[in-house]
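The structure appears right after this line, and notes come after that.
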DNA sequence: TCTGGGGTCCTAGGACCC
DNA sequence: TCTGGGGTCCTAGGACCC
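In our numbering, the protein residues as written are 23 to 478.
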């Protein structure tokens, strides 16, 4: 999602300088090609997806809520103008919703994921290498292009994604990913840039860095920002001009890399081949709190089942299962949270193997009398499904006496992906009264034949 | 009443080996 | 000048990202 921007930065002056496309000195690089990255980031992505299929809301303030309709995670520009802050709990929004000043949607992940895939597919046609960094962002390899070509490509990306998909994006171009992030933020913040900022020129880099609070640098969060400020480092420029070795001593190699990246020295390469996952988490806040152990067990079975399905999709197997639960940190009752891990003798992706670990883990962390509002499971310690080493001494899975578990899981996944119905284990429960709240869910316009948009 | 979910990386420190 | 356990693996916890 888009980073929040501080509005206090003196904008117009920089907007003007950045927008003047200075014909940069063009070094014809006969030697090694200097790396260049373009960061393409969709504007207000979730809110844009919702508005796309609701032209009647074009002039309305629209926000999208987190899972469980918990808090605001995306806002269209009109909602920002109304002063709706990122992350506020949905109940604080109620007055604005009741007057009709703001329209809220539940998270429609099916829609956003599908729109995201279309954006990424479009980008793949425009650059030799693309790293899908998040649902609404991608880094592109634009090394070796002239300044004029970079500017033209930036505009072409914007134009094509707007025309083909109705989504507006901004583009930041720079010799390192960290600078490309800052360039993108500037493109979003200053309309005079035309939505594309090329930060190849060191002079312009310094200008922007001087205007950027250090906490807005990619990789500098709240804690680091505070520590840096006690060291009199308040702006991105002050961080860039700090001694990299000293920063490493004070912090770690991560922060040292940030310093180098801010100086245009690329330390983070384009990860265009997606790496296999190292952990899979499935967790949810409940629509209503759970006080009953049987219901908790059902919810955890549901999460195990989802996690294992993802694991199979990744073509991996796992050895370790962690189960966690907690009460609400906002409730008046004393806070309680705990977790336990258990191991399989052999890696597996068979849902039933992980079900067998659950009763003991849940027994170890369950306390009667609490009002639990969230729980989840985590799978770790992965092995590629094709290269699992059997254990000479461990017996085969007792959950799979026939040895045909893999085929069974495959059939299960096929049925559940077919669109013709679902099957599940009895342990997952039938009524699932703890299911999350999604009271303002929009249709799956692009992924379900029954829910296509109508044009009259 | 009502406050998200899913990831990664790094470091410190303990256990253990030689 | 003064000065000598080194190295690996694992886990928990903390920071960050969107």
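We put the CB at the ideal spot given by N, CA and C, even for glycine. Bear in mind the structure is a predicted one, so any value in this text is a computation, not a measurement.
Query                                                                                                                                                                                     : Result
Take residue 381 as the anchor and find which of 402, 404, 343 and 353 has the nearest alpha-carbon.                                                                                      : 343
Rounded to the nearest angstrom, what separates residue 463 and residue 67 at their Cα positions?                                                                                         : 16 Å
For the segment 230-237 and the segment 193-200, state whether three or more C-beta atom pairs, one from each stretch, are separated by less than 8 Å.                                    : no
Could you tell me which of 459, 132 and 178 sits nearest to residue 62, measuring between CA atoms?                                                                                       : 178
Whole angstroms are fine: how far does the CA of residue 240 sit from the CA of residue 203?                                                                                              : 7 Å
Counting Cβ pairs, one atom from each stretch, are 3 or more of them under 8 Å apart for the segment 279-299 and the segment 432-443?                                                     : no
Which residues does DSSP pair with residue 405 in a beta bridge?                                                                                                                          : 339
Would you mind reading off the limits of the beta strand (DSSP E) that contains residue 127?                                                                                              : 124-127
Please report the straight-line C-alpha distance between residue 95 and residue 103, rounded to a whole angstrom.                                                                         : 16 Å
If we call anything under 8 Å between Cβ atoms a contact, is residue 5 one with residue 268?                                                                                              : The structure shown has nothing for residue 5, since the chain only spans 23 to 478.
Might you give, ordered along the chain, the residues of its own chain that have their beta carbon closer than 7 Å to the beta carbon of residue 407, omitting 5 neighbours on each side? : 337, 338, 339 and 371
Buried or exposed, going by whether 16 or more other CB atoms sit within 10 Å of the CB of residue 369?                                                                                   : buried
Ordered along the chain, which non-local residues of its own chain (more than five positions away) have a Cβ less than 8 Å from that of residue 55?                                       : 165 and 166
Just confirm the distance between the C-beta atoms of residue 228 and residue 259, as a whole number of angstroms; I'd bet it's less than 8 Å.                                            : 6 Å
Does DSSP put residue 395 in a helix, in a strand, or in coil?                                                                                                                            : strand
Kindly indicate the opening and closing residues of the beta strand (DSSP E) around residue 159.                                                                                          : 159-163
When DSSP builds the beta bridges, which residues end up paired with residue 362?                                                                                                         : 345
Based on the DSSP output, what are the partners of residue 153 in its beta bridges?                                                                                                       : 161
Taking 8 Å as the cut-off, does the segment 309-323 touch the segment 279-291 (at least 3 CB pairs, one atom from each stretch)?                                                          : no
Can you tell me which of the three DSSP states residue 480 falls into?                                                                                                                    : With the chain running from 23 to 478 in the structure shown, residue 480 is simply not present.
Going by the beta-carbon positions, is the gap between residue 461 and residue 128 smaller than 8 Å?                                                                                      : yes
Sort out for me which residues DSSP pairs residue 92 with in a bridge.                                                                                                                    : The partner list for residue 92 (beta bridge, DSSP) is empty, contrary to what the question assumes.
Quick check on this structure: which residue in 459, 449 and 476 has the alpha carbon closest to the alpha carbon of residue 91?                                                          : 459
Beta-carbon separation of residue 374 and residue 359 under 8 Å?                                                                                                                          : no
Return the CA-CA distance between residue 153 and residue 217, expressed in angstroms with no decimal places.                                                                             : 20 Å
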